[in-house]
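Asker:
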């Protein structure tokens, strides 16, 4: 039962000397990211900021614009019933790998390994590199659109911090772009290779028009749709067949202005709450798996 997850957690615990599941932040400081893989405090706070959450839909639509990714997601994901789960799992993975401890990153990677096991082509380096790239690009663009433009030095620091996402997805470290310029070159070439298929359009219908999601998710969908579609590159938006004209552009600008205004009113610690909460949830899940696999006399159960 999830023996691969348990084995990796135990190995990381032995190396770090930490309790299985990682080191949780102070319970009274839920918004303070744990001192993990990023030493610089200001950068760690920037990475823990939840502003990129609004670009989560954009990242997913860009990922499934690759036909192989779309086919795998269409056949092995339950977007129709639990669209919010995909976003939560993606965010959990990003926070674990970027601002979590080494143990967090190992646990997150193990969960992804297990989820990808039955999916044909899921371990393809090119596809996984593209998935990681969409997360970085969407995060940077979300900060620029809803917060403030990201300077060259900060963009480079974030690019370096996102590199472990690629390696956690089994992409060789030397394939991650070494500079922002190199990333932009890779990104532009990647956009040119995208092809939106019927599989991708089916996933998008489930994602942006969820029929079985909780009421609060469905209530938020008009906002999610305008932000997600508005943030897409023009060429990708056209391939999906989204209607986009002056009226939609005005709605998008008004929405961006509203979200920016709300974000400015929120203190930084509020914006940093989701990361630690998702990491705690992941650690609890890992502990539960490890506990359920431990028999009374200490011998591991068969998976």
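Residue numbers (my numbering): 22 to 324. Where is the CB? At the ideal position from N, CA and C, for every residue including glycine.
Check whether the Cβ atoms of residue 252 and residue 58 lie closer than 8 Å to each other.
Answerer: No, they are not a contact pair.
Asker: Compare the Cα-Cα distances from residue 303 to each of 92, 249, 151, 132 and report the closest residue.
Answerer: Looking at the Cα atoms, 132 is the closest of the given residues.
Asker: Once you ignore the five residues that flank residue 197 on each side, which residues in its own chain have a CB closer than 6 Å to its CB?
Answerer: 184, 187, listed in sequence order.
Asker: Can you tell me whether DSSP reads residue 192 as helix, strand or coil?
Answerer: Note: residue 192 maps to coil in three-state DSSP.
Asker: Fully enclosed by the segment 75-133, which alpha helix (DSSP H) runs are 4 residues long or longer?
Answerer: Taking only runs of at least 4 residues, the alpha helix (DSSP H) segments lying wholly in the segment 75-133 are 77-84, 88-97, 104-119.
Asker: Do residue 162 and residue 67 have their C-beta atoms closer together than 8 Å?
Answerer: Taking 8 Å as the Cβ cut-off, residue 162 and residue 67 do not qualify as a contacting pair.
Asker: Taking all protein chains shown into account, decide if residue 71 is buried (16 or more other Cβ within 10 angstroms of its Cβ) or exposed.
Answerer: So residue 71 counts as buried.
Asker: For residue 295, which option in 121, 159, 244, 226 has the closest C-alpha, if you only look at C-alpha atoms?
Answerer: The shortest Cα separation from residue 295 among 121, 159, 244, 226 belongs to 121.
Asker: If I follow the unbroken alpha helix (DSSP H) through residue 325, where does it start and stop?
Answerer: Since the first residue of the chain shown is 22 and the last is 324, residue 325 is not available in this structure.
Asker: Is it buried or exposed, residue 297, if we count other Cβ atoms within 10 angstroms and call 16 or more buried?
Answerer: Under this definition residue 297 is a buried residue.
Asker: On the CB-based measure, 16 or more other CB atoms within 10 Å of its CB, does residue 166 come out buried or exposed?
Answerer: With 16 or more Cβ atoms within 10 Å of its Cβ, residue 166 is classed as buried.
Asker: Can you tell me whether residue 205 is helix, strand or coil according to DSSP?
Answerer: Here residue 205 sits in helix by DSSP.
Asker: Between residue 95 and residue 220, which are expected to be in contact by the criterion C-beta below 8 Å, what is the C-beta distance as a whole number of angstroms?
Answerer: About 4 Å; that satisfies the 8 Å criterion.
Asker: Can you check which of these residues, 181, 87, 205, is closest to residue 194 by C-alpha distance?
Answerer: Among 181, 87, 205, the Cα nearest to that of residue 194 belongs to 181.
Asker: Using only CA atoms, which one of 76, 275, 192 lies nearest to residue 156?
Answerer: It is 76.
Asker: Beta carbon of residue 148, beta carbon of residue 87: below 8 Å?
Answerer: Against a cut-off of 8 Å, the Cβ pair of residue 87 and residue 148 comes out as a contact.
Asker: How would you call residue 256, buried or exposed, if buried means at least 16 neighbouring beta carbons within 10 angstroms?
Answerer: So residue 256 counts as exposed.
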